[in-house]
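Following our numbering from start to finish, the sequence shown increments by one per residue and tops out at 524.
All C-beta atoms in this analysis are idealised placements derived from N, C-alpha and C, irrespective of residue type, glycine included.
Owing to the predicted nature of the structure, the values given are computational and were not obtained by experimental measurement.
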Amino acid sequence: MPVRPTDSDALCGLDAVELAGLVRRRELSAREVVAAHLDRIERVNPALNAIVTLDAEGALAAAGQADERAASGAELGPLHGLPIAFKDTHLTRGMRTTHGSPLFADHVPDEDELLVERVQGAGAIRIGKTNVPEFAAGSHTFNPVFGATRNPYDTTRSAGGSSGGAAAALAARLTPIADGSDMGGSLRNPASFCNVVGLRTTPGRVPALPSGDLWETLGVAGPMGRTVADVALLLSAMAGPDRRCPQSLETPGSVFRAPLERDLKGLRVAYAPDLGGRVAVDPEVREVTGRQVKVFEAAGAHVVEDCPDLDGAEDVFRILRAQAFRTGLGPLLETSREQLKPSLIWNIEEGVKLTSADLARARTEHTRLHLAAAGFFERYDVLIAPVSQVLPFDVDLEYPTVIDGQQQHTYLDWMRSAYLLTVLGAPALSVPAGFTDAGLPVGLQIVGPPRAERTVLEIGAAYEAATGHGRRAPTLS
């Protein structure tokens with residue numbers, strides 16, 4: 048029988064799976080859980096700026112209703128009683144959704160996004176919203192509405208982005224679960240920077256509604272947590288088909304709730320420390336992630352240095368990303384240009400410049416890369432590689448401009464280790480891989496073939512059990 052926590056910090060330190068079990072068995076009430084997290088948010092969040100909208104009164108009222116439901120003997124959802132602060136790009140009915148933009152600073156949606164609806168339907172209790180870059184553009188979380196989010200392991204450093212508020216809140220024990228999204232690393236990079244776990248899902252695993260383009264494949268939503276099991280638990284609520292979404296996968300989310308039991312013996316692993324020489328990697332990142340090869344080998348895996356064919360992936364990603372920005376934000380360039388940050392204007396203008404020949408080339412090359420990746424994953428079960436090419440950087444820096452002596456010319460360049468793999472449409476799990484001598488977190492991504500989330504989660508759980516890197520919490524009062 049688990050020990051009942053005696054104070055709010057001890058309670059907030061519990062994993063989501065354990066916390067949900069305590070609430071389900073009525074050893075803790077949902078109100079106790081929410082109150083403890085609200086107490087910690089009040090004390091810790093001002094130093095981080097991870098949670099930017101908070102509804103303490105509404106959360107406590109919802110927790111009371113959750114306790115009444117449990118007392119009535121009604122069926123409880125898998126996330127019953129767990130507090131969550133949704134990413135501030137995901138629509139929340141009756142709670143402002145700003146997208147980190149002055150244009151939406153007072154915007155209060157009248158509907159929930161499908162993801163939000165599902166997570167709350169599974170019993171999670173909405174307490175607020177987490178910070179994002181302006182319109183989620185970029186992998187460093189800062190915006191003119193709320194300012195920057197700071198890294199819990201070193202508050203002078205970035206928490207990553209665009210799900211930086213979510214990752215910082217998890218690491219600081221402000222929430223036990225978090226939702227994220229990922230186009231070019233927006234979920235993986237902050238997980239790496241903040242020593243938590245995040246899963247970029249296969250397109251269609253988590254249907255997106257509302258959406259201006261139901262055929263878009265680069266941007267996906269996914270779960271975040273402090274353990275792989277917590278991520279699987281949240282995915283079980285987020286995933287599942289929706290007939291309105293043409294790409295949605297038929298597998299029900301419930302398959303991810305089964306125990307993640309697997310060892311690494313005989314596993315065929317490809318290791319790509321710099322994606323086949325395609326990316327510059329900070330020496331400390333390379334050193335920390337390189338040590339993880341021995342973890343897999345010691346557990347009986349066969350590791351070979353190899354990389355899938357990514358030639359042309361840069362062009363494909365840049366073109367399809369630019370098209371997505373033009374589709375989603377193009378009208379704002381005409382009506383509100385002066386209220387958009389320069390890098391966002393650049394993104395949209397890149398989309399405006401696209402020709403039909405550009406799009407045709409990207410689609411053709413995207414198809415070729417997908418088929419090549421299918422062959423690669425017949426030879427290997429998973430690919431492992433650094434999540435991010437850099438360590439958490441100065442919070443006042445817009446983006447790293449030099450990596451291991453190599454100049455980075457745009458604010459996207461330093462994210463290549465994540466976004467080149469985006470093009471494969473494969474699930475990619477960011478897991479804690481250890482720390483530098485200065486105590487900065489480093490993440491490892493475990494990538495599997497499309498639709499193999501269950502496999503990636505099982506392997507990630509086995510790796511996590513062998514290392515325990517995620518158990519190292521930041522020092523915060």
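CA-to-CA distance, residue j to residue i, given in whole angstroms
i      : j      : result
Asn96  : Ala113 : 28 Å
Leu69  : Val81  : 13 Å
His127 : Leu107 : 14 Å
Glu65  : Glu308 : 17 Å
Ile172 : Gly212 : 18 Å
Pro299 : Arg252 : 9 Å
Arg501 : His154 : 37 Å
Val335 : Asn242 : 13 Å
Arg291 : Arg87  : 39 Å
Pro49  : Pro223 : Interpretation of Pro49 is limited by its pLDDT of 43, a score under 50 that renders its predicted location unreliable; the figure taken from the coordinates is listed afterwards. Taking the straight line joining both Cα atoms gives about 17 Å.
Met271 : Val489 : 16 Å
Glu148 : Glu344 : Note that residue 148 corresponds to Ser in the displayed sequence, not to Glu. Cα to Cα, the separation comes out at about 47 Å.
Pro447 : Glu104 : 40 Å
Gly232 : Ala238 : 10 Å
Asp56  : Thr374 : 44 Å
Phe372 : Glu164 : 25 Å
Per DSSP, cross-strand counterpart(s) of residue i
i      : result
Lys176 : Thr100 and Phe133
Val350 : Val316
Ser205 : Arg197
Ser477 : Gly245 and Gln492
Phe482 : Pro488
Asp269 : Residue 269 is actually Gly in this sequence, not Asp. Gly269 pairs with Gly227.
Phe364 : DSSP, once it has assigned bridges, lists no residue as partnering Phe364.
Three-way DSSP call (helix, strand, coil) for residue i in this model
i      : result
Met230 : coil
Ala225 : strand
Pro521 : coil
Gly212 : helix
Pro488 : strand
Ala255 : coil
Ala345 : helix
Pro250 : coil
Asp159 : coil
Val449 : strand
Asp56  : helix
Gln370 : helix
Gln339 : helix
Asp441 : strand
Gln455 : coil
Residue i versus the options, residue with shortest Cα-Cα distance
i      : options                           : result
Glu160 : Ala419, Leu491 and Met142         : Met142
Glu510 : Lys341, Leu487 and Ser435         : The residue you asked about is not Glu; residue 510 is Tyr in the sequence shown. Ranking the options by Cα distance to Tyr510, first place goes to Lys341.
Trp262 : Pro293, Glu164 and Lys176         : Pro293
Gly359 : Thr414, Leu256 and Pro320         : Thr414
Pro479 : Leu280, Ile493, Trp393 and Thr402 : Ile493
Ile392 : Asp62, His137 and Phe182          : Phe182
Leu430 : Gln386, Ser464, Asp451 and Val267 : Ser464
Glu412 : Val437, Val470, Glu79 and Asp62   : Val470
Thr193 : Arg204, Pro199, Lys176 and Thr202 : The amino acid occupying residue 193 in the given sequence is Phe; Thr does not appear at that position. Considering only alpha carbons, the answer is Lys176.
Leu19  : Lys134, Arg140, Gly207 and Leu162 : Any answer about residue 19 is impossible in this case: the structure gives the chain only from 48 up to 524.
So within the segment 97–153, which uninterrupted beta strand (DSSP E) runs reach at least 3 residues, ignoring any that extend past its ends?
For the segment 97–153, whole beta strand (DSSP E) runs of length 3 or above, ordered along the chain, are 98–101 and 130–134.
Every unbroken alpha helix (DSSP H) within the segment 280–336, with a cutoff of 4 residues, ordered by chain
Assignment of alpha helix (DSSP H) within the segment 280–336, counting only whole runs of 4 or more residues, yields no such run.
Could I get the ranges of all uninterrupted beta strand (DSSP E) runs contained in the segment 395–439, with 3 residues as the minimum, in chain order?
Here the runs fully enclosed are 429–433.
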